[in-house]
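J.: Quick one: the structure is below, questions incoming.
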């Protein structure tokens with residue numbers, strides 16, 4: 001029997017390097033699948049249906065909400081964004097570990113519905129390094145950088161809700177560490193209820209001399 | 001600044017291979033120190049003071065209890081056994097990870113006093129394999145084997161108190177996995193309070209434009 005995969009929720013400051021880290025993780029190891037979000041936002045140039053997003057109309061999105069077809073959803077700037085349950089469940093059933101990149105409010109909603117979900121928080125090595133990375137992009141105004149740092153300060157308040165903190169200093173090492181942390185998380189009693197129940201009933205049978 | 005080590009508490013069924021695993025872990029990696037217990041039991045042939053145990057008289061042991069010099073202690077068959085605090089603390093301060101092999105009651109006492117302690121539970125791959133290993137020793141009577149299995153069934157009730165379950169199937173792989181799990185545990189928010197506090201205050205300073 002193939003084991004069911006783990007649902008991995010990744011959050012972290014804008015500028016922590018989540019995107020690059022996820023891409024590298026998925027291309028290095030073959031057990032991961034990236035969850036694809038559903039949105040009512042219009043596709044931008046280069047975005048592919050079913051890869052970047054599942055693009056739907058507002059009515060279809062609200063229908064999916066009504067059918068409990070989303071693990072979590074939120075509304076930003078007048079557009080809906082959500083995580084379709086079906087894709088996630090089918091990957092998990094195939095034994096794949098599904099990665100979901102969302103912010104803290106969404107992460108907590110996912111944890112409620114999937115108590116075995118693994119919540120990871122990605123951080124840069126320091127706040128100064130965070131600012132350096134945001135400035136280094138060269139595309140953002142001072143105002144936007146300030147907003148991102150304020151937002152990071154807010155998100156930092158919720159770090160204790162995550163199971164592990166991952167410091168993204170050197171990309172290669174960080175990818176390996178992340179993979180290794182996910183494998184360690186598979187060994188928690190919470191994620192091994194069947195194994196524990198099996199061992200208990202086997203031991204009871206031996207005690208009774210069966 | 002050298003980081004303080006982690007206190008690692010290892011429990012598991014008799015016959016799970018804890019002893020061999022610990023020996024291999026300590027000889028393979030150089031960050032571990034094995035805690036040495038204090039006992040009022042008389043030394044057996046080949047046992048070395050300060051290596052096998054710290055051997056003391058009953059009065060000295062009770063004096064150490066009175067001075068809160070033990071992390072945990074218990075009395076078996078008329079002899080005291082306990083974990084001297086001083087040795088553990090000095091290793092942790094040097095940045096070493098200290099391994100303590102004790103049963104569940106002791107493990108829970110340690111967790112109360114050291115909330116950051118990492119509790120690991122070692123299991124054989126199955127209850128049948130456990131019996132095979134106990135029988136394979138060839139030194140134990142059927143009665144003793146039965147007692148050990150009953151004891152294992154009791155200990156199995158407490159598995160949820162441990163942070164990770166380690167399946168000791170192939171020794172080499174298990175040693176590597178155990179090391180990797182311990183490293184993952186270093187990344188829990190609970191064990192990174194200073195890092196989190198530091199990041200928060202750095203971010204706050206940036207927000208205030210300091």
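Protein chains in written order, with UniProt numbering: chain X, 1 to 210; chain F, 1 to 210.
Every residue gets a Cβ at the ideal spot worked out from N, C-alpha and C, and that includes glycine.
CB-CB under 6 Å to residue 9 of chain X, same chain, minus the five flanking residues each way: which ones, in chain order?
T.: In the first chain, counting from the first residue as 1, residue 9 of chain X sits at position 9. Around residue 9 of chain X: 100, 107, 110, 117 and 119.
J.: Taking DSSP as the reference, what is the three-state secondary structure of residue 207 of chain F?
T.: Counting from 1 along the second chain, the entry for residue 207 of chain F is found at position 207. Helix at residue 207 of chain F.
J.: Measuring CB to CB, does residue 104 of chain F end up less than 8 Å from residue 11 of chain F?
T.: The sequence position of residue 104 of chain F within the second chain is 104, counting from 1. The sequence position of residue 11 of chain F within the second chain is 11, counting from 1. Yes, Cβ-Cβ distance for residue 104 of chain F and residue 11 of chain F is below 8 Å.
J.: Please list the terminal residues of the continuous alpha helix (DSSP H) segment that includes residue 185 of chain F.
T.: Within the second chain, the letter at position 185 stands for residue 185 of chain F. Residue 185 of chain F -> alpha helix (DSSP H) spans 171 to 185.
J.: Excluding the 5 residues flanking residue 87 of chain F on each side, which residues of the same chain have their C-beta closer than 7 Å to its C-beta?
T.: Here residue 87 of chain F refers to the residue found at position 87 of the second chain. Same-chain partners within the cutoff: 35 and 36.
J.: Within a Cβ cutoff of 6 Å, which residues of the same chain sit near residue 122 of chain X, ignoring the five residues on either side of it in sequence?
T.: As a first step, residue 122 of chain X is located in the first chain; it is residue number 122 there, counting from the start. Same-chain partners within the cutoff: 12, 16, 18, 166 and 168.
J.: Sort out for me which residues DSSP pairs residue 84 of chain F with in a bridge.
T.: Taking the second chain and counting its residues from 1, one reaches residue 84 of chain F at position 84. In the DSSP output, where bridge partners are listed per residue, residue 84 of chain F has F:70.
J.: Taking 7 Å as the limit between beta carbons, can you name the residues of its chain near residue 137 of chain F, skipping five residues before and five after?
T.: The residue labelled residue 137 of chain F in the question sits at position 137 within the second chain. Around residue 137 of chain F: no qualifying Cβ.
J.: Label residue 174 of chain F either buried or exposed according to how many other C-beta atoms from any shown protein chain fall within 10 Å of its C-beta, with 16 as the threshold for buried.
T.: What you label residue 174 of chain F is simply residue 174 of the second chain in a count that begins at 1. Residue 174 of chain F is buried by the Cβ-count criterion.
J.: Under the assumption that residue 76 of chain X contacts residue 61 of chain X (Cβ atoms under 8 Å), give the Cβ distance between them as a whole number of angstroms.
T.: Within the first chain, numbered from 1, the residue matching residue 76 of chain X stands at position 76. Within the first chain, numbered from 1, the residue matching residue 61 of chain X stands at position 61. Actually they are not in contact, since the Cβ atoms of residue 76 of chain X and residue 61 of chain X sit about 13 Å apart, beyond 8 Å.
J.: Using only the alpha-carbon positions, how far apart do residue 21 of chain X and residue 39 of chain X sit?
T.: Sequence index remark: in the first chain, residue 21 of chain X carries index 21 (1-based). Sequence index remark: in the first chain, residue 39 of chain X carries index 39 (1-based). Their Cα atoms are separated by approximately 23 Å.
J.: Name the residues in the segment 159 to 170 of chain X whose C-beta lies less than 9 Å from a C-beta of chain F; which are they?
T.: Here the close residues are 159, 160, 161, 162, 163, 164, 165, 166 and 167.
J.: At which residues does the beta strand (DSSP E) containing residue 145 of chain F begin and terminate?
T.: As a working note, residue 145 of chain F is residue 145 in the second chain. That residue, residue 145 of chain F, is in no beta strand (DSSP E); its alpha helix (DSSP H) goes 142 to 156.
J.: Bridge partners of residue 119 of chain F, per DSSP?
T.: In the second chain, residue 119 of chain F corresponds to position 119, counting from 1. Answer is F:9.
J.: Using only alpha-carbon positions, find the residue among X:132, X:170 and X:160 that is nearest to residue 197 of chain F.
T.: Here the question's residue 197 of chain F lines up with position 197 in the second chain. That would be X:160, whose Cα lies nearest to the Cα of residue 197 of chain F.
J.: Within 8 Å of any Cβ in chain F, is that where the Cβ of residue 101 of chain X sits?
T.: Residue mapping note: residue 101 of chain X aligns to position 101 of the first chain, counting from 1. Answer no: the Cβ-Cβ gap between residue 101 of chain X and chain F never drops below 8 Å.
J.: Restricting to Cα atoms, I'd like to know which of F:78, F:65 and F:83 is closest to residue 52 of chain F.
T.: Reading the second chain from its first residue, position 52 is the one you call residue 52 of chain F. Of F:78, F:65 and F:83, the residue nearest in Cα terms is F:83.
J.: Return helix, strand or coil for residue 30 of chain X, following the three-state DSSP convention.
T.: Start at 1 with the first residue of the first chain, and residue 30 of chain X comes out as number 30. DSSP places residue 30 of chain X in coil when its eight states are reduced to three.
J.: Does the beta-carbon distance from residue 146 of chain X to residue 5 of chain X come in below 8 Å?
T.: As a working mapping, residue 146 of chain X is identified with position 146 in the first chain. As a working mapping, residue 5 of chain X is identified with position 5 in the first chain. Against a cut-off of 8 Å, the Cβ pair of residue 5 of chain X and residue 146 of chain X comes out as no contact.
J.: Quick one: is residue 11 of chain F near chain X, going by C-beta distance under 8 Å?
T.: Numbered from its first residue, the second chain carries residue 11 of chain F at position 11. Not closer than 8 Å to any Cβ of chain X, the Cβ of residue 11 of chain F fails to qualify, so no.
J.: Here's the rule I'm using: 16 or more other beta-carbon atoms within 10 Å means buried, otherwise exposed. How should residue 155 of chain X be labelled?
T.: Taking the first residue of the first chain as 1, we reach residue 155 of chain X at position 155. Classification for residue 155 of chain X: buried.
J.: Ignore the nearest five residues each way along the sequence and tell me which others in residue 1 of chain X's own chain have a CB closer than 7 Å to its CB.
T.: Position 1 of the first chain, counting from 1, holds the residue named residue 1 of chain X. Note that residue 1 of chain X scores 49 on pLDDT, short of 50, meaning its location in the model is unreliable; the coordinates nonetheless yield the value given after this. Result list for residue 1 of chain X: empty, nothing under 7 Å.
J.: Give me, in chain order, the residues of the same chain whose beta-carbon lies closer than 8 Å to that of residue 140 of chain X; leave out the 5 immediate sequence neighbours on both sides.
T.: If you number the first chain from 1, residue 140 of chain X lands on position 140. Contacts found: 134 and 148.
J.: Let's see if you can read the secondary structure: which residues bound the beta strand (DSSP E) around residue 104 of chain X?
T.: For the purposes of this step, residue 104 of chain X is identified with residue 104 of the first chain, where counting begins at 1. It is not in any beta strand (DSSP E) - residue 104 of chain X instead sits in the alpha helix (DSSP H) that spans 104 to 113.
J.: Need the endpoints of the beta strand (DSSP E) that residue 101 of chain X sits in, please.
T.: Counting from one through the first chain, the residue named residue 101 of chain X turns up at place 101. Residues 97 to 101.
J.: Which one of F:187, F:186, F:50 and F:85 has the shortest CA to CA distance from residue 66 of chain F?
T.: Taking the second chain and counting its residues from 1, the one referred to as residue 66 of chain F is at position 66. Nearest of F:187, F:186, F:50 and F:85 to residue 66 of chain F, Cα basis: F:85.
J.: Quick check on this structure: which residue in F:201, F:57 and F:25 has the alpha carbon closest to the alpha carbon of residue 176 of chain F?
T.: Translated into the one-based positions of the second chain, residue 176 of chain F becomes position 176. Ranking the options by Cα distance to residue 176 of chain F, first place goes to F:25.
J.: By the criterion of Cβ-Cβ separation under 7 Å, what are the contact partners of residue 296 of chain F in chain X?
T.: Missing from the structure shown is residue 296 of chain F; chain F here goes from 1 to 210 and no further.
J.: So who's on the other strand from residue 55 of chain X, going by DSSP bridges?
T.: Position 55 of the first chain, counted from the first residue, corresponds to residue 55 of chain X. Its beta-bridge partners are X:39.
J.: Do residue 111 of chain X and the ligand MG come close, with the Cβ less than 7 Å from some heavy atom?
T.: The ligand MG is not among the ligands present in this structure, which contains no ligands whatsoever.
J.: Checking contacts by CB at 8 Å: is residue 71 of chain X closer than that to chain F?
T.: As a position in the first chain, residue 71 of chain X is number 71, starting the count at 1. Answer no: the Cβ-Cβ gap between residue 71 of chain X and chain F never drops below 8 Å.
J.: Count the C-beta pairs between the segment 200 to 207 of chain X and the segment 183 to 190 of chain F that are closer than 8 Å, then say yes if the count reaches three, no if not.
T.: Cβ pair count under 8 Å is below three, so no.
J.: What residue range does the beta strand (DSSP E) around residue 165 of chain X cover?
T.: Walking along the first chain from the start, residue 165 of chain X turns up at place 165. Element bounds for residue 165 of chain X: 164 to 167.
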